Amino acid sequence: MSVLIDRDTRVIVQGLGKTGSFHTDTAIAYGTRMVGAVHPTKAGTSEVFRGDTDPSGVPGRDETYDVELPIFGTVAAAVAETGATASVVYVPPPFAADAIMEAADAGLELVICITEGIPVADMVIAKRFLDDRATRLVGPNCPGVITPGQCKIGIMPGYIHAPGRIGVVSRSGTLTYEAVFQLTEIGLGQTTAIGIGGDPVNGTSFVDCLALFNEDPQTDGVVMIGEIGGTAEEEAAEWISAEMTKPVAGFIAGTTAPPGKRMGHAGAIISGGLGTADAKISALEGAGVVIAPTPTDMGNAMVEAMGRA
Amino acid sequence: MPLVVRLEGTNVEMGKQIIDESGLNVVSASDMKDGAGKIVSLTT
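These protein sequence lines are chains A and B, in that order.
Position 182 (the first sequence) corresponds to 181 in numbering that gives the first Met the number 0; numbering is contiguous.
Position 12 (the second sequence) corresponds to 11 in numbering that gives the first Met the number 0; numbering is contiguous.
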């Protein structure tokens, strides 16, 4: 199975500048069903993507791909024409929150926003807008979502993934790749890897993802990667104690972070003494999560958690 | 100053080629643990 996306998910891309085009190309190479693009000034035209198929992606395809993607002026027009249910947003920060709201207004089931640097005030407005709608937002400031061998939406490299049994959810993009690569090398693979992103205001939480993995018949365990700042990990610990039926392993970044300093991610800051890595580790261990002491031990922590289950 | 590089990801082959052809004295590592061990031993 998988959660959120699979081989049938039809995806449009919002923002087809240099970055959007590059990652749309890698998605098509992987076998993701990209069906259209939205760009305010290129409506009515199309863009051609061709190259060598990514062998780590969807199996059974030709060695090369050659796809012409229609470009629309609005999300609504793209959805009407293509039947897309998901969108990936590469729109630059000043306009990205608007792009998210436009996607929700057009009735998309899923919007994945890669953009980093959206003003927090904009995201507060966008999140409130989404509260009244059925659209799920993942991100912003995230690497995206991938169901290995089926659908890759975002900037993650395909080759480190393998279809398998473990759900991965993370605030850090690069640490997701570390965990994924370790799981692949151990032979466990992934059902779906979800980047929830490094922003303080985001669309999907650890709890949301844990609940999805808990219900997914193919997922046997979950690796969660957190970091300093906010209370998402503590909330996850509470939920895991009360509801989780599958083993969980984790890593928390930032044990040596100085208080009051924003460590890269907008949401990664110890503020007023709260949001420390130690507090999060303590809460999660209290809930039975096996915590990896370093980023290189995440795969082993998952094996240990599954052995204890 | 010693430089240890562990490189994986999108276009990794191209990246490794650029580093190899750069003439820089770079020690390569297979994973983060290997990289950490190597830089510590090169600087102590």
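Where is the CB? At the ideal position from N, CA and C, for every residue including glycine.
Every value quoted in this text rests on a predicted model; they were computed, and no experiment measured them.
Within the stretch 11–32 of chain B, those residues whose Cβ lies closer than 9 Å to any Cβ of chain A are, in chain order, V11, D30, M31 and K32. The beta-carbon separation of I290(A) and I280(A), rounded to 5 Å, stays under the 8 Å limit for a contact.
Here DSSP, grouped into helix, strand and coil, assigns I117(A) to coil. In this structure, the alpha-carbon of V119(A) lies about 17 Å from that of T230(A).
Taking 8 Å as the cut-off between beta carbons, the residues of the stretch 175–198 of chain A near chain B are Y176, E177 and F180, in sequence order. For G271(A) and G35(A), the gap between their C-alpha atoms comes out near 46 Å. Taking a beta-carbon distance threshold of 7 Å, P69(A) does not count as an interface residue toward chain B. Nearest neighbour of V110(A) by Cα position, chosen from G263(A), G14(A) and A248(A), turns out to be G14(A).
C-alpha of V123(A) to C-alpha of L23(B): approximately 46 Å in a straight line. In terms of Cα proximity to Q189(A), the closest of G220(A), C208(A) and L174(A) is G220(A). Non-local beta-carbon contacts of A248(A) in its own chain, meaning distances under 6 Å to residues more than five positions away in sequence, involve V222, V289, A300, M301 and A304 in chain order.
Shown here, G19(A) sits in a helix according to DSSP, grouped into three states. Bounds of any beta strand (DSSP E) do not take in C208(A); it lies within the alpha helix (DSSP H) bounded by F205 to E214.
Your pair Y64(A) and R49(A) checks out as a contact, with CB atoms roughly 6 Å apart and the cut at 8 Å. Of the candidates G116(A), T25(A), A79(A) and M100(A), T25(A) places its Cα closest to the Cα of V66(A).
Remark: C-beta atoms of L41(B) and V25(B) do not approach each other more closely than 7 Å. Note on geometry: alpha-carbon atoms of R32(A) and P216(A) lie some 24 Å from one another. In chain order, M31 make up the part of chain B whose C-beta sits under 7 Å from the C-beta of P294(A).
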